[in-house]
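Trainee: Sharing a structure, written as structure tokens. Questions coming.
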Amino acid sequence: MNTLITDSPEEAAGFLNRGELVAFPTETVYGLGADAFRPEAIAKIFRAKERPADNPLIIHVHSIEQIEIVAASISEQAALLIDRFFPGPLTVVLEKKPSIPDLVTGGLQTVGVRCPAHPLANSFLRCCSHPVAAPSANVSGRPSSTDWKAVYHDLHGRISCILKGPAAPIGLESTIVDCSVEPPVLLRTGAVSLEALLELIPSLKIASGCSAEESPKSPGMKYRHYAPSASIILLPADPERFSPEPSAAFIGLTEPPGIFELVKQCRSPEEYAHELFGFFRSCDARGIKSIYCELPKEKGIGRAILDRLTRAACPR
Ligand code: TXA
Ligand code: MG
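When you line the sequence shown up against the numbering used here, it's residues 10 to 325, in that order.
Structural data, given as structure tokens:
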């Protein structure tokens with residue numbers, strides 16, 4: 010299959026409206042979209058990404074009004090979150106409308122809904138006939154794609170079109186809050202921070218992370234994620250100096266603690282988030298064997314970076 014690269018949202022939406030797959034930019038990461046109401050198009054997402062069929066997809070809407078096409082009800086707390094953070098880097102899990110194909114939700118009775126703030130994503134979604142189901146636009150298990158070249162690298166020949174935009178400004182996937190339960194549960198951290206969520210919903214619970222023994226509330230949590238081919242080694246903040254083995258790389262917020270083949274020293278946690286997945290991919294392209302990652306402080310977007318680093322470091 011030929012993969013067309015375009016910067017026209019109308020042209021990209023044309024493919025999607027014909028049942029094809031289209032990758033598109035959002036402010037978090039690039040998504041791999043299909044018409045949420047066409048099961049045969051949804052099935053293509055799972056094939057292209059090699060994604061396990063029980064891992065549900067987030068549905069993307071262009072406006073708050075569109076939420077009622079996919080959700081059967083919106084709880085009071087969900088309404089608070091939607092009012093404050095939509096459009097933006099937040100996904101809320103709601104009770105689903107019966108019309109949503111089971112393939113989208115992996116058989117769950119709930120659906121993840123997100124309204125991206127990215128202007129190109131919004132134009133694209135407005136040209137689509139229905140809401141758009143989209144996971145991150147990477148092969149399953151690999152780091153999410155934060156620019157169109159990463160999408161092309163993973164998925165060219167497997168998808169019909171890439172809507173080409175700038176690099177994703179945030180660089181980490183959306184925060185996910187399950188509002189189908191009382192009290193709501195934070196399933197994934199992201200740019201909408203725990204601190205900001207607690208201000209609105211003081212009773213918010215935090216899901217038990219990537220502990221493999223428990224039955225995960227978010228099916229995606231049981232899979233190893235965000236991982237480059239190189240092994241990930243976590244370093245404490247302000248690491249002591251050491252002599253890394255050859256073919257090692259460093260990413261973090263302080264001076265590199267030794268001599269590395271590839272280095273990314275970020276000036277803020279936001280820059281760290283923005284650079285992380287691209288750095289993982291550059292390391293793979295260079296054949297780097299180990300990536301030393303400095304752990305940021307557990308607050309704000311630092312919590313989301315910590316989460317992605319910990320998962321990437323999980324044994325295969
Ligand atoms: O920023 C993002 O969220 C990006 C952009 C493209 O929107 N999307 C994304 O999708 O990261 P994906 O599929 O890579 O991650 C979605 C996560 C998965 O872990 C999935 O299990 C979880 O959301 N999820 C989706 N629907 C769910 C539901 N109904 N209940 C619980 N978890 C759900
Ligand atoms: Mg993903």
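Using N, Cα and C, we set each Cβ at its ideal position, and we do this for glycine too. Keep in mind the model is a prediction, meaning the values are calculated, not measured.
1. If the criterion is Cβ atoms closer than 8 Å, does the pair ALA62 and GLY121 meet it?
2. In whole angstroms, give me the CA-to-CA distance for LEU213 and SER256.
3. Under 7 Å from any heavy atom of the ligand MG, does the C-beta of PRO98 make it?
4. Check PHE46 in the structure and name its three-state DSSP category.
5. Is any heavy atom of the ligand TXA found at a distance shorter than 7 Å from the C-beta of ASN26?
6. PHE33 and LEU172 look like a contact to me (Cβ under 8 Å); what is the Cβ gap, rounded to whole Å?
7. Exposed or buried, which one is PHE269 when buried takes at least 16 other CB atoms within 10 Å?
8. Taking all protein chains shown into account, decide if LEU207 is buried (16 or more other Cβ within 10 angstroms of its Cβ) or exposed.
9. For ILE242, does the count of other Cβ atoms within 10 angstroms reach 16, so buried, or fall short, so exposed?
10. Ignoring anything shorter than 4 residues or poking outside the segment 227-266, list the alpha helix (DSSP H) runs there in chain order.
11. By alpha-carbon positions, which one of CYS136, ARG167, ALA176 ends up nearest to SER154?
12. Within the same chain, show all residues whose beta-carbon is closer than 7 Å to that of GLU36, passing over the 5 residues directly before and after it, in chain order.
13. Going by the CB atoms, is the gap between PHE24 and CYS170 shorter than 8 Å?
14. Buried or exposed, going by whether 16 or more other CB atoms sit within 10 Å of the CB of LYS308?
15. Since GLN274 sits in a beta bridge, which residues does DSSP pair it with?
16. To which residues of the same chain is VAL160 closer than 7 Å at the C-beta, ignoring the five residues directly before and after it?
17. So, with DSSP's three-state summary, where would you put PHE286?
18. Can you determine whether any heavy atom of the ligand MG sits closer than 7 Å to the C-beta of GLU208, and answer yes or no?
19. Jot down the residue ranges of each uninterrupted beta strand (DSSP E) in the segment 38-86, minimum 3 residues, whole runs only, in chain order.
20. Just mark ARG276 as buried or exposed, buried being the case when its beta carbon has 16 or more other beta carbons within 10 Å.
21. Compute the Euclidean distance between the alpha carbons of TYR326 and ILE91, then round it to the nearest angstrom.
22. Just to confirm, are ILE68 and VAL141 a CB contact at a threshold of 8 Å?
Mentor: Taking the definition as stated:
1. no
2. 43 Å
3. no
4. coil
5. no
6. 4 Å
7. buried
8. exposed
9. exposed
10. none
11. ALA176
12. Residues of the same chain with a CB within less than 7 Å of the CB of GLU36, apart from the 5 flanking positions on each side, are PRO98, PRO125, ALA126, HIS127, ALA177, PRO178, ILE179 in chain order.
13. yes
14. exposed
15. The partner list for GLN274 (beta bridge, DSSP) reads GLY261.
16. ALA32, TYR39, ALA146, SER154, ILE171
17. helix
18. no
19. 40-44, 67-69
20. exposed
21. Given that the chain is displayed from residue 10 to residue 325, the structure contains no residue 326 and the question cannot be resolved.
22. yes
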